[in-house]
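Using the numbering used here, the first residue of the sequence shown is number 1, and each one after it goes up by one.
Even for Gly, the Cβ is constructed at its ideal location relative to N, Cα and C.
Have a look at the structure below, then the notes.
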Amino acid sequence: MTDTSIFPVPEAFASDAWVDAASYQRLYDQSISDPEAFWGEQGKRIDWIRPYTQVKDCSFSGDVHIRWFHDGTLNVSANCIDRHLATRADQTAIIWEGDSPAEQRHISYAELHASVCRLANVLKKHGVQKGDRVTIYMPMIPETAFAMLACARIGAIHSVVFGGFSPDSLKDRIQDCDSRIVLTADEGLRGGRKVPLKANVDQALKSCPNVGTVVVVRRTGGQVAWEDGRDFWYHEEMSAVSPDCPPEEIGAEDPLFILYTSGSTGKPKGVLHTSGGYLVYASMTHQYVFDYHDGDVYWCTADVGWVTGHSYIVYGPLANGATTLMFEGIPNYPDSSRFWQVVDKHQVNIFYTAPTAIRALMREGEGPVKRTSRTSLRLLGSVGEPINPEAWLWYHNVVGEGRCPIVDTWWQTETGGILISPLPGAIPTKPGSATLPFFGVRPVVVDNEGHHLEGATEGNLCIADSWPGQMRTVFGDHERFVQTYFSTFPGKYFTGDGCRRDDDGYYWITGRVDDVINVSGHRMGTAEIESALVAHPKVAEAAVVGYPHDLKGQGIYAYVTLVDGEEPTEPLRKELVQWVRKEIGPIASPDLIQFAPGLPKTRSGKIMRRILRKIAANEHEALGDTSTLADPTVVTELVENRQNRA
Ligand code: WTA
1 MTDTSIFPVP
11 EAFASDAWVD
21 AASYQRLYDQ
31 SISDPEAFWG
41 EQGKRIDWIR
51 PYTQVKDCSF
61 SGDVHIRWFH
71 DGTLNVSANC
81 IDRHLATRAD
91 QTAIIWEGDS
101 PAEQRHISYA
111 ELHASVCRLA
121 NVLKKHGVQK
131 GDRVTIYMPM
141 IPETAFAMLA
151 CARIGAIHSV
161 VFGGFSPDSL
171 KDRIQDCDSR
181 IVLTADEGLR
191 GGRKVPLKAN
201 VDQALKSCPN
211 VGTVVVVRRT
221 GGQVAWEDGR
231 DFWYHEEMSA
241 VSPDCPPEEI
251 GAEDPLFILY
261 TSGSTGKPKG
271 VLHTSGGYLV
281 YASMTHQYVF
291 DYHDGDVYWC
301 TADVGWVTGH
311 SYIVYGPLAN
321 GATTLMFEGI
331 PNYPDSSRFW
341 QVVDKHQVNI
351 FYTAPTAIRA
361 LMREGEGPVK
371 RTSRTSLRLL
381 GSVGEPINPE
391 AWLWYHNVVG
401 EGRCPIVDTW
411 WQTETGGILI
421 SPLPGAIPTK
431 PGSATLPFFG
441 VRPVVVDNEG
451 HHLEGATEGN
461 LCIADSWPGQ
471 MRTVFGDHER
481 FVQTYFSTFP
491 GKYFTGDGCR
501 RDDDGYYWIT
511 GRVDDVINVS
521 GHRMGTAEIE
531 SALVAHPKVA
541 EAAVVGYPHD
551 LKGQGIYAYV
561 TLVDGEEPTE
571 PLRKELVQWV
581 RKEIGPIASP
591 DLIQFAPGLP
601 KTRSGKIMRR
611 ILRKIAANEH
621 EALGDTSTLA
631 DPTVVTELVE
641 NRQNRA
């Protein structure tokens, strides 16, 4: 695939789109030349209790701080629910499609209002106050969205922990933000398999003495252990409180949520997002990137445990009064037509998924797609990792039958919303390119010394100025925030991604340039997996790198040095994989483990990951300079016993 293949905006699409080519350019220019005026105007897209007079107060150097609309007050849940009631009380807010095709629910805005108010009252009854942290460890059911919005209603800060994380990972996240309450379900259900959520919570709470309350949604009816006085059934609590709960007045810069994400070092950090700017940005990008119009049915397949679920299942769509579909299941259950069956069943117009899902379905051939109609589809989206041109073309030609533009949306947990993406009525697309920046976003490409690279080039992707959806801090550790994002290239936000910019100014994200790997669109810190491995009694040392993987984008490759006297055996290899699954969660399972008597180190003892990455990628012909190694012979041994020979 070359850069020359370009897909023009379909004319029929452009004529009805919110933004066309001319208005994109005009608005983008305005957003950059006068951000105050631009965002001052755009901020009015949501309802404020006390209107802001200040728009932007941000600095990426010195005393790093990011504040938007900071003297305004609002309530996020009122923006996502109450303000729609006059016109949309009976409109479906959430379509829920269960794991089994036989299960579905339609929740109107009026019903959403009643449930969120009740749940907010349940939280209050259990002592939750403004600013308190609430951990949500729940499956993909509407109650999870109710929980997030109930927190927003009373100004509590939610921390959603992905249901695939282990009890240990859950414990770390509960402790880090000191939640006193956890919302969960008896069990989750995915692909016909049960996920023991309540049992995991019980396990985690053995080390979380501060948690006094657990509210449990009955999802499967499976048996769960019960601790009287601590555990409460959701349905019993909900029926015992009033459906009336006026929204609290919340400052624009008061926190809305914490979401833990992996970085290159240490434990996952609590990315903190606040209320006003986040909602303006999530709702605006949802409207323009997905060209959302009233009456559209919109489906984002992400899990609410990730930022994509926060911004583009819950907050963005609901702020826009949309109908948002929430899917409990997986793409190949009961069979690999499932996505497209759901599209037909609910007449989905806009469909947003991850490249890893597309690649997996592509492997099943066109049959499962062609068995369905998909005529309702108007727009397709991609997120989470670079989409390879082959998968892009299959998505475009087979799923969308050449009719639907694709928006390849680049962004991060830290950015709160989409930063680089086509606007489908304005920007011609190229397979594999996220194309151009959204309004107000100033991407810059720098070399390793931080020099700006102009024109067509390749380097490190930074953002030169703030946008309203940007994270504000690392919860409880502002210094780590400054260090992680603003110190590599002082004065700029460093994304951790590499990118190429072509002659048309289009951005092509090439993947992480730090020690973060992206496995099936899930972010993993190599340091986290390493520390899980070395916690095993037989492991002396471990180094983890990513390697190219056909389905997952990147696979996890672990080099493991055993303690003296331990034998490298197949059973031990399996045991280590299980060990990591248990320590972190299934998404962190190593794909390949190489037992390594020694790791390549510099004379000062630093592991040379560059070499490990090459060997893992089966590119050992091009190892580069190994002369600085303390013991160059370890490399020969590693190459001989490499595990990836593809
Ligand atoms: C990667 C997910 C290429 C990137 C929203 C980023 C992408 C990381 C794309 C953030 C894309 C996300 N093209 N790469 N369209 N979208 N990424 O925090 O490496 O889970 O830094 O946020 O995913 O992952 P996160």
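Nonlocal neighbours in the same chain, by C-beta distance under 6 angstroms from residue i, ignoring five residues either side
i           : result
residue 359 : 391 and 551
residue 368 : 336 and 337
residue 217 : 143, 185 and 234
Inter-residue spacing [alpha-carbon to alpha-carbon] between residue i and residue j
i           : j           : result
residue 292 : residue 298 : 8 angstroms
residue 96  : residue 394 : 27 angstroms
residue 337 : residue 101 : 12 angstroms
residue 80  : residue 580 : 39 angstroms
residue 605 : residue 211 : 42 angstroms
residue 618 : residue 225 : 48 angstroms
residue 545 : residue 556 : 6 angstroms
residue 269 : residue 414 : 11 angstroms
residue 235 : residue 122 : 11 angstroms
residue 140 : residue 312 : 14 angstroms
residue 342 : residue 191 : 15 angstroms
residue 48  : residue 253 : 13 angstroms
residue 571 : residue 589 : 15 angstroms
residue 328 : residue 300 : 12 angstroms
residue 625 : residue 640 : 18 angstroms
residue 159 : residue 306 : 11 angstroms
residue 59  : residue 50  : 25 angstroms
residue 180 : residue 126 : 10 angstroms
residue 510 : residue 498 : 5 angstroms
residue 161 : residue 183 : 10 angstroms
residue 461 : residue 417 : 16 angstroms
residue 396 : residue 403 : 8 angstroms
residue 410 : residue 386 : 8 angstroms
residue 455 : residue 20  : 24 angstroms
Beta-carbon proximity list for residue i, same chain, < 7 angstroms, skipping 5 on both sides
i           : result
residue 681 : Limits of the chain in this structure are 1 at one end and 646 at the other, which puts residue 681 out of reach.
residue 13  : 405, 424 and 425
residue 244 : 117
residue 1   : With a pLDDT of only 45 at residue 1, under 50, the local geometry of the prediction cannot be trusted, and the value read off the model is given with reservation. Excluding residues within five positions, the ones whose Cβ falls inside 7 angstroms are 389, 431 and 432.
residue 263 : 269, 484, 516 and 525
Residue i burial status per 10 Å Cβ neighbour count (16 or more: buried)
i           : result
residue 614 : buried
residue 287 : buried
residue 405 : buried
residue 523 : buried
residue 575 : exposed
residue 213 : buried
residue 347 : exposed
residue 432 : buried
residue 563 : exposed
residue 355 : buried
Distance cut-off 8 angstroms: residue i Cβ against heavy atoms of the ligand ATP
i           : result
residue 386 : This structure lacks the ligand ATP; the ligands present are the ligand WTA.
Any non-hydrogen atom of the ligand WTA closer than 8 angstroms to residue i Cβ
i           : result
residue 434 : yes
residue 509 : yes
residue 33  : no
residue 414 : yes
residue 522 : yes
residue 445 : no
residue 512 : yes
residue 68  : no
residue 518 : yes
residue 316 : no
residue 502 : no
Best match in the options for proximity to residue i [C-alpha to C-alpha]
i           : options               : result
residue 310 : 412, 530, 463 and 452 : 412
residue 495 : 478, 505 and 514      : 514
residue 597 : 554, 481 and 566      : 566
residue 485 : 350, 61 and 170       : 61
residue 647 : 148, 182 and 375      : Residue numbering for the chain in the displayed model covers 1 to 646; residue 647 lies beyond these limits and cannot be assessed.
residue 289 : 18, 635 and 561       : 18
residue 569 : 547, 593 and 587      : 593
residue 537 : 173, 561 and 385      : 561
residue 87  : 320, 353 and 5        : 320
residue 519 : 384, 438, 527 and 637 : 384
residue 302 : 382, 454 and 195      : 382
residue 505 : 366, 304 and 427      : 427
Close beta carbons around residue i, own chain, < 8 angstroms, minus the five adjacent residues each side
i           : result
residue 106 : 92, 94, 95 and 96
Interface flag, residue i vs chain C, CB-CB below 9 angstroms
i          : result
residue 69 : This model lacks chain C altogether; it includes just one protein chain.
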